[in-house]
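Peer 1: Using our numbering, read the sequence shown as starting at 2 and increasing by one per residue. All C-beta atoms in this analysis are idealised placements derived from N, C-alpha and C, irrespective of residue type, glycine included.
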Amino acid sequence: MSEDRIVRHVILRGRVQAVGFRYWTEEEALVRGLEGFVRNRRDGTVEAVFSGPATVVDDMLEACRRGPPGSSVQSIEPIDDGARALAERRPGERFSVLPTV
Numbered sequence: 002m003s004e005d006r007i008v009r010h011v012i013l014r015g016r017v018q019a020v021g022f023r024y025w026t027e028e029e030a031l032v033r034g035l036e037g038f039v040r041n042r043r044d045g046t047v048e049a050v051f052s053g054p055a056t057v058v059d060d061m062l063e064a065c066r067r068g069p070p071g072s073s074v075q076s077i078e079p080i081d082d083g084a085r086a087l088a089e090r091r092p093g094e095r096f097s098v099l100p101t102v
């Protein structure tokens, strides 16, 4: 039996820019076989969308709480439009690092 796929759209707050967070997130997501995207936001946060099996997405979110060396994640806030947001990744890419918004 295959596990249901979910989509989680989140905002990460804390020291999450200028520490390699986007590229670390891309690597971690691809290793886990997840789809989605990550990007910086002008307000100093990082936005990410993860899609895949529920346990794998939950594991990715837990990894994001730790983040790469030099980061310090204070909070991960959910947004309720994950399925729509997933469409923002680049065509043909499993996981995209998108430009700052």
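Quick test of your reading: Glu4 and Pro54, contact by CB under 8 Å. State the CB separation rounded to the nearest angstrom.
Peer 2: 4 Å
Peer 1: In the DSSP assignment, find the unbroken alpha helix (DSSP H) run with Leu62 in it and report its ends.
Peer 2: 55–67
Peer 1: Helix or strand or just coil, what does DSSP make of Arg14?
Peer 2: strand
Peer 1: Buried or exposed for Glu27, please, with buried defined as at least 16 other CB atoms from any protein chain shown within 10 angstroms of its CB.
Peer 2: buried
Peer 1: Going by C-alpha distance, which of Ala19, Arg40, Glu63 is nearest Val102?
Peer 2: The residue from Ala19, Arg40, Glu63 with its alpha-carbon nearest to that of Val102 is Arg40.
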